[in-house]
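In what follows, a structure is listed as structure tokens, so that the remarks can point back to it.
In full-length UniProt numbering, the protein residues as written are 1 to 305.
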């Protein structure tokens, strides 16, 4: 009989591209993963993986088995949710993957509420720039707190349920005293030195796209995905930053923020889970807390001085 855990490892290796990367995401050694995949190969009697440069790829038999593995693992998830629903109580553990920019205004208040409402629930929170719905398909996490910028197509994988939480605009951040609080036309930033994320990130792409639509190429003097660094550069008067509203701690001193009036850059912040016919009480509780925290974050004003 096929071992479900080994099927999960095969799926993870196929998605990550290498045994080492899969082992890291599974919190196992590469040797342990290799041993389990070797056992799976003996179970089926045919090679499932082949070298592909510095990575590995599925053989034809591996692709066939993976297609069945997807259905088997989905059925296991459905069974777990159905049993949890019959039990009717929030479980003991859950894993949440969240973007760093959501921690202060959404994640921390949500975890605080969960601790009060469900003290038996321990939530492991993975704060990572790779908080993407794909992690759910690999079974690595239970809930993803992610983002999608409105100019990008929806690339949500099949079998994933997305719960929109809020539209989060990017604000123009400068040093206190350098500008007034009036809304800013995006074209005005053509003369500014900007601190922005790398163009390989969703946020960096969104900023470049919006600036090009406004008719100019931004002067990106500082390139960093670290929002704390962007705010430090803005506070020092060295750059203008474009930062999501919910990523700005209201206690941050020495900065002034302003909305973009003509071409707002919006990201959709969402919570995502694996889609099942029966709702899981544990993931339902986590998403409810995230939704409450997002609603509170929406009503809070960032600092103006």
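Ideal placement from N, C-alpha and C gives every residue a C-beta, glycine not left out.
From a predicted model like this one, the values you see are computed outputs, not experimental measurements.
Can you tell which of the options has the C-alpha that lies nearest to the C-alpha of residue i?
i: residue 233; options: 185, 245, 196 and 207; result: 196
i: residue 134; options: 271, 55, 37 and 216; result: 271
i: residue 171; options: 34, 185, 278 and 27; result: 185
i: residue 53; options: 17, 27 and 162; result: 17
i: residue 278; options: 26, 82 and 222; result: 82
i: residue 259; options: 34, 138, 116 and 169; result: 169
i: residue 130; options: 119, 115 and 147; result: 147
i: residue 255; options: 240, 246 and 119; result: 240
i: residue 253; options: 41, 235, 167 and 244; result: 235
i: residue 242; options: 192, 283 and 213; result: 192
What do you get for residue i, buried or exposed, if any count of 16 or more other CB atoms within 10 angstroms of its CB means buried?
i: residue 286; result: buried
i: residue 9; result: buried
i: residue 87; result: exposed
i: residue 89; result: exposed
i: residue 312; result: Residue 312 cannot be examined here, being either before or after the span of the chain that is shown, 1 to 305.
i: residue 132; result: buried
i: residue 105; result: buried
i: residue 110; result: buried
Looking only at its chain, what residues have a beta carbon closer than 8 Å to the beta carbon of residue i, apart from the 5 residues adjacent to it on each side?
i: residue 30; result: 19, 20 and 23
i: residue 117; result: 285 and 289
I'd like the list of long-range same chain contacts for residue i, defined as Cβ closer than 6 Å, with 5 residues on each side in sequence excluded.
i: residue 149; result: 202, 206 and 267
Could you name the residues of the same chain whose beta carbon sits closer than 7 Å to that of residue i, not counting the 5 residues immediately before and after it, in chain order?
i: residue 210; result: 186, 263 and 265
i: residue 220; result: 194 and 196
i: residue 128; result: 97
### Query
Taking three-plus beta-carbon pairs below 8 Å as touching, is the segment 74-85 in contact with the segment 42-58?
Contact fails between the segment 74-85 and the segment 42-58, because fewer than three Cβ pairs, one in each stretch, are under 8 Å apart.
#### Entry: Uninterrupted alpha helix (DSSP H) stretches inside the segment 15-92 (no shorter than 4 residues)
Runs of the alpha helix (DSSP H) inside the segment 15-92: 19-26, 30-44 and 60-87.
### Query
At which residue ranges does the segment 230-303 contain complete beta strand (DSSP E) runs of 3 or more residues, listed in the order of the chain?
Within the segment 230-303, the complete beta strand (DSSP E) runs of at least 3 residues are 240-244, 255-259 and 266-274.
### Message
Three or more C-beta pairs under 8 Å: does that hold for the segment 61-68 against the segment 95-108?
### Response
Contact between the segment 61-68 and the segment 95-108 is not established, with fewer than three Cβ pairs separated by less than 8 Å.
### Message
Taking contact to mean 3 or more Cβ pairs, one atom from each stretch, closer than 8 Å, check whether the segment 122-139 and the segment 170-179 are in contact.
### Response
The segment 122-139 is not in contact with the segment 170-179.
### Message
Quick check: the segment 131-146 against the segment 209-228, are at least 3 beta-carbon pairs closer than 8 Å?
### Response
Contact between the segment 209-228 and the segment 131-146 is absent, because fewer than three Cβ pairs lie under 8 Å.
### Query
Which runs of the alpha helix (DSSP H), 4 residues or longer, sit entirely within the segment 95-169?
Listed in chain order, they are 108-117 and 134-137.
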